[in-house]
Amino acid sequence: MCGRFATTTPPDKLAAYFGAEAPVEAEDVQPDYNVAPTRDVPVVRVRNDERSLDYLRWGLVPRWAKDLRIGSKMINARSETVATKNSFRSAFAKRRCIVAADGFYEWKRIDEKTKQPMFIYRADGDPLAFAGLFERWRDAEEREYHTCTILTCGPNGDMEPIHNRMPVLLAPQNWEEWLDPFNGETESLQQLLVPAPEGLLRSHKVSTDVNSVKNNSSSLLTAIT
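Anchor point for the sequence shown: position 61 equals 62 in the working numbering, and the numbering is continuous, going up by one each time.
As structure tokens, then:
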């Protein structure tokens with residue numbers, strides 16, 4: 002799964018990288034070195050036929066949900082079942098997005114009592130493009146929430162020693178197909194949900210300080226021996 006990641010690239014640079022319009026509140030967005038569920042995360046989606054960089058609550062809330070809190074259980078969607086599972090199938094067909102990140106954390110099991118946090122990122126330093134879905138949900142007071150989830154798949158060779166799942170990473174040549182809200186070719190889209198090519202990612206050990214969501218500084222990304 003993907004349960005924690007980092008977003009450090011400024012919104013204007015992130016928007017330029019994805020060919021999207023930057024958010025109005027871009028100047029107010031601060032780096033987040035320990036993104037946790039329910040926080041707002043940078044998402045690229047198509048609105049009014051144009052790519053837009055927006056900040057959505059992490060943890061998808063289906064339209065039929067009665068409580069916003071269900072989103073904390075839906076931060077990830079398994080690529081193998083996303084097209085058929087009731088919680089995600091509508092969003093998969095019509096509301097796909099890219100969740101942008103500069104790297105993500107995973108915990109490698111050392112023994113029965115010990116897990117070593119690892120930071121995983123692109124070898125070339127570019128942002129990661131997680132395949133994502135988004136939804137719009139209204140509460141009883143008609144307040145609207147925009148929420149999202151990250152798709153996961155089996156590991157590639159880089160990730161297999163660390164964990165048995167990884168986020169689906171979309172290559173730039175597949176962004177347009179994935180983001181197109183009028184693309185209903187679910188079988189073709191499903192073919193994009195595969196492990197990233199080996200060699201794309203690098204990883205290193207980081208401090209167990211990342212285990213607590215209260216910690217949020219650039220030191221969390223620092224490699225340790």
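No residue lacks a Cβ here, since even glycine has one placed at the ideal position from N, Cα and C.
Fair warning: this is a prediction, and the values are worked out from it, not measured in the lab.
Extent of the continuous beta strand (DSSP E) to which residue i belongs
i, result
"D41", "41–48"
"P156", "Premise fails: P156 is in no beta strand (DSSP E) and is neither H nor E."
"R137", "129–139"
Integer-rounded CB distance, given that residue j should sit under 8 Å from residue i
i, j, result
"L221", "A124", "In fact, because the Cβ distance is near 20 Å, the residues do not count as touching under 8 Å."
"D13", "A23", "5 Å"
"V44", "F183", "V44 to F183, Cβ: 19 Å. No contact."
"T148", "L61", "5 Å"
"L129", "A92", "That belief does not hold up - the Cβ atoms of L129 and A92 are roughly 20 Å apart, past 8 Å."
"D33", "N217", "7 Å"
Proximity test, residue i beta-carbon vs the ligand GTP heavy atom, cut-off 7 Å
i, result
"V207", "In the structure shown, the ligand GTP is absent, as is every other ligand, since no ligand is present at all."
DSSP three-state assignment for residue i, whether helix, strand or coil
i, result
"Q174", "helix"
"T150", "strand"
"F228", "Summary: the structure shown does not reach residue 228, with the chain confined to residues 2 through 226, and so no result is reported for it."
"S220", "helix"
"K206", "strand"
"F120", "strand"
"P182", "coil"
Environment of residue i [buried if 16+ CB atoms lie within 10 Å]
i, result
"P198", "exposed"
"N77", "buried"
"V207", "buried"
"V25", "exposed"
"N35", "buried"
"V195", "exposed"
"S204", "buried"
"R58", "buried"
Bounding residues of the alpha helix (DSSP H) (the contiguous stretch that carries residue i)
i, result
"Q192", "Careful: Q192 lies outside any alpha helix (DSSP H) and carries neither H nor E."
"L15", "12–19"
Item to check | Segments assigned alpha helix (DSSP H), at least 4 residues, entirely inside the region 25–113 | outcome: 90–95
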